[in-house]
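K.L.:
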Amino acid sequence: MHSYRPAPVLEALGVCSEDEQLYRALLARPECTTIDLSHDTGWAATRVGRHLRSLLSLGLASRTPGRPARYVPAVPEAAVELLALRKQAAIVEARVGASVLTAEFRARHDAFTVVRGAEAIAQRFYQAQQCAQDEVLVLDRPPYAVVPIEPRRAHGVSYRTIYDMASLSEPTDLVAARSAGCRILRDVPLKLVVVDRRTGLLPTSPDVVVELGPSSLLDGLLRLFELLWKQASPLAPSPAEGPLSFEDQQLLSLAAAGLTDQAIARRLGVAQRTVERRMQRILKSLDATTRFQAGLRAGQRGLLV
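Okay, so the sequence shown: first residue is 0 according to numbering that gives the first Met the number 0, each after it adds one.
1) In its own chain, which residues sit with a C-beta less than 6 Å from the C-beta of Ala-68, not counting the 5 before and 5 after it?
2) From the DSSP output, which residues share a beta bridge with Tyr-162?
3) Closest to Arg-66 by CA distance: which of Ile-34, Ala-83, Asp-286 is it?
4) In or out: Tyr-22 buried (at least 16 other Cβ within 10 Å) or exposed?
5) DSSP three-state label for Gly-199, please.
6) Among the candidates Val-114, Gln-292, Leu-253, whose CA atom is the shortest distance from the CA of Leu-267?
7) Quick check on Glu-240: does DSSP put it in helix, strand or coil?
8) Ala-306: which of Val-209, Leu-216, Val-137 sits nearest, CA to CA?
9) Which residues does DSSP list as the beta-bridge partners of Val-113?
10) Determine the DSSP secondary structure at Ala-60, reduced to helix, strand or coil.
11) Compare the C-beta of Ser-53 with all C-beta atoms of chain D and state if any pair is closer than 7 Å.
12) When the Cβ atoms of the segment 112 to 123 are set against those of the segment 199 to 211, are three or more pairs found closer than 8 Å?
13) Closest by CA to Leu-59, which one among Phe-224, Thr-40, Gly-13?
14) Between the segment 51 to 58 and the segment 77 to 84, do three or more beta carbon pairs fall short of 8 Å?
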């Protein structure tokens, strides 16, 4: 009597461990009978028969004609491909069903629901962002009593985040936020996460989040985001030919966002005198007499885009 206990590899495709164990036994001895399999696995004939029927239905085995009945395993590569296609079809079917259920749910709940409690809110933020297919939009501002709204980046999904100045109070915060999809704005009016322009998560208090589906309210919030995006200043200006270094571009971006020299110094972790000196150099490099003029000329040259 032998005991087959290899690590299962087909569970993710809906094959139970015992079915896989019998399939492995078939691979080791093709064209064997029920009695052969019972001997090889140490299982009773009824147990072998039950799992053989399962393998036949999954396409992992076939029965030869004649008596006694003999069983042949499917080639693993072809069998796994068939199981994977079936799994994908089931996922598509489940998604279609979920969209129908969601439509029914929205119809009964006026296109929004309320999520309460720190744990439930954290889980919903995680689920929404993990399910993102195309785009995540974020309005970020303190306080962070429940969960920060920093998106969990997924491959192939674009992110655009607008930070309130108060969100980046430390130099380390500013470094972490530097990316092409991040901008800064004075007085971001609210917190918001929108996933694929279909699902919106709107915190209304420290332990309450309103979840929005497709609706006029969500459309309005999307328009608000785009307006704020145009007003906000990039945190990471793209490199371009010109007289400004990356550090100069960053300093000018913060100045264009409305920060004072003292606030810029705190964000960058340098002395205020350093900021003033660098700003004078920037004005001279751009042949500008005011910060406004410098920002305008830098924008025209593509240094702040």
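Note that beta-carbon positions come from the ideal geometry of N, C-alpha and C, so glycine has one too.
P.N.:
Let's see:
1) Arg-62
2) Asp-139, Ile-183
3) Ile-34
4) buried
5) strand
6) Leu-253
7) Residue placement at Glu-240 is poorly supported in this model, since its pLDDT is 45, which falls under 50; the coordinates are not used for a value here.
8) Outside the displayed span of the chain (0 to 304) sits residue 306, for which this structure offers no information.
9) Val-209
10) strand
11) Among the chains of the structure shown, chain D does not appear; only one protein chain is present.
12) yes
13) Gly-13
14) yes
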